[in-house]
Each structure stands twice: as C-alpha cells, then as structure tokens.
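Engineer:
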Amino acid sequence: SVGMCTYDDIQYAVDVFTNKKCPYTLMHTVAEYPVPEERLNLRGIQYLRQRFNCPVGYSGHEASVSPSLIAAAMGATSIERHITLERTMYGSDQAASLEGLGLTQLISQIRKIPIVLGNGERTITEGEKSAAEKLRYWN
659 SVGMCTYDDI
669 QYAVDVFTNK
679 KCPYTLMHTV
689 AEYPVPEERL
699 NLRGIQYLRQ
709 RFNCPVGYSG
719 HEASVSPSLI
729 AAAMGATSIE
739 RHITLERTMY
749 GSDQAASLEG
759 LGLTQLISQI
769 RKIPIVLGNG
779 ERTITEGEKS
789 AAEKLRYWN
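Position 4 of the sequence shown, counting from 1, maps to 662 under the numbering used here, and the rest follow consecutively.
Have a look at this one:
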C-alpha cells in the first residue's frame, strides 16, 4: 500500500521486492479513515502502473463503494476493503469499512464490470437488428 509514501519510498519497496525476485502488487490508497472522495486521486492507479511497470490494485478507505468500482473499471488488479460487523462500532476505520451486505454488493458489482465493458468491437446486436426493422423506414 502506498498510503503515506513518497515516490522515493515506493521505489525503495519496489527495489526490495525486485531484488529478492518476490512478486508484488502496489496498492494505490490515501491513508485517511474515511478519506473524502475528492482526495482519492484514482488516476494514481494508472500513474503507478506506468511508472513502476507492475500490477497496481486499490485499497479503499472511503465510506462508499463507487470508488472501488471505478478503480476496478480502470484496471486495478485487486481491490482491498476493510470489513466490519457494524460501521458504528468504536475504531478509527469503522466508518471506512464495509459491513457484510456492502461487501457482497461490491463483489457482485465488480463481477459485472468485464461483462458491461465487453470487447470494444462494434457489432450490430440481434436486438438492434430487430429494432431497426421496426424503426427504419429505409430498410
């Protein structure tokens, strides 16, 4: 996790893992509990991937699940979230944690991402063909 780290700190960690031939994934994060969404800087995922040429995941410390979904859609290789029995419990990270239902919903939504992203190739679907037959007067 790169929370509270400078790029020099991150480079040092990358060098240690690389020199020991140990696989690793950097985890983009802002180490505040909870972190306001305007400080998440999710583009840091892409920057870390480009700068360090390694897998980059996301460690979410925000109250909602949407930034984790965005991170997954941006290509984060893993998503890490704190979990709790109850968000109102005492503790410094409870408000940034997910209860069981929230975690279940997050997993379900992340699994939809590759389905809705598709392969990027433009094709006319069977449903579009059917709609065109009804709506296009020039067919």
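Even glycine gets a Cβ: it sits at the ideal position worked out from N, Cα and C.
1) Starting from SER717, trace the beta strand (DSSP E) both ways and give me its first and last residue.
2) With a threshold of 8 angstroms on Cβ separation, who are the neighbours of ILE668 within its own chain once the five nearest residues in sequence on each side are excluded?
3) Give the DSSP-derived three-state secondary structure of GLU696 in the structure shown.
4) Could you work out which residue in THR746, THR783, THR742 is closest to LEU759 when comparing CA atoms only?
5) Could you check where the alpha helix (DSSP H) with GLU791 kicks off and where it finishes?
6) One question on the structure: do ALA731 and ILE782 come within less than 8 angstroms of each other, judged by their Cβ atoms?
7) Where SER599 and LYS792 are concerned, what is the direct C-alpha to C-alpha distance, given to the nearest angstrom?
8) Using the Cβ count rule (16 or more neighbours within 10 Å means buried), how would you classify VAL774?
9) Helix, strand or coil, according to DSSP, for ARG739 in the structure here?
10) Do ASP751 and TYR670 have their beta-carbon atoms positioned less than 8 angstroms apart in this structure?
11) For ALA689, collect the residues of the same chain with a Cβ closer than 6 angstroms to its Cβ; drop the 5 residues on either side in sequence, then sort them by chain order.
12) Return the bridge partner residues of LEU756 from the DSSP annotation.
13) Would you mind stating whether GLY718 and SER736 have Cβ atoms separated by less than 8 angstroms?
14) Assuming ALA721 and ALA754 form a contact by the criterion Cβ under 8 angstroms, report the distance between their Cβ atoms to the nearest whole angstrom.
Structural biologist: Short version:
1) Element bounds for SER717: 714-718.
2) Answer for ILE668: VAL660, LEU684, LEU706, PHE710, listed in chain order.
3) Look at GLU696 here: in three-state DSSP terms it is helix.
4) Nearest C-alpha to LEU759: THR742.
5) Residues 784-793.
6) In this structure, ILE782 does not lie closer than 8 angstroms to ALA731 by Cβ.
7) Residue 599 is absent from the model: the chain starts at 659 and stops at 797.
8) When all chains shown are included, VAL774 counts as exposed.
9) When DSSP states are grouped into helix, strand and coil, ARG739 belongs to the strand group.
10) No. Outside cutoff.
11) Setting aside the 5 residues that flank it on each side, ALA689 is surrounded in the same chain by GLY661, MET662, each with a C-beta closer than 6 angstroms to its C-beta; the list follows chain order.
12) Its beta-bridge partners are ILE741.
13) No, these two residues do not count as a Cβ contact at 8 angstroms.
14) Contact annotation, ALA721 with ALA754: C-beta distance approximately 6 angstroms; criterion of less than 8 angstroms satisfied.
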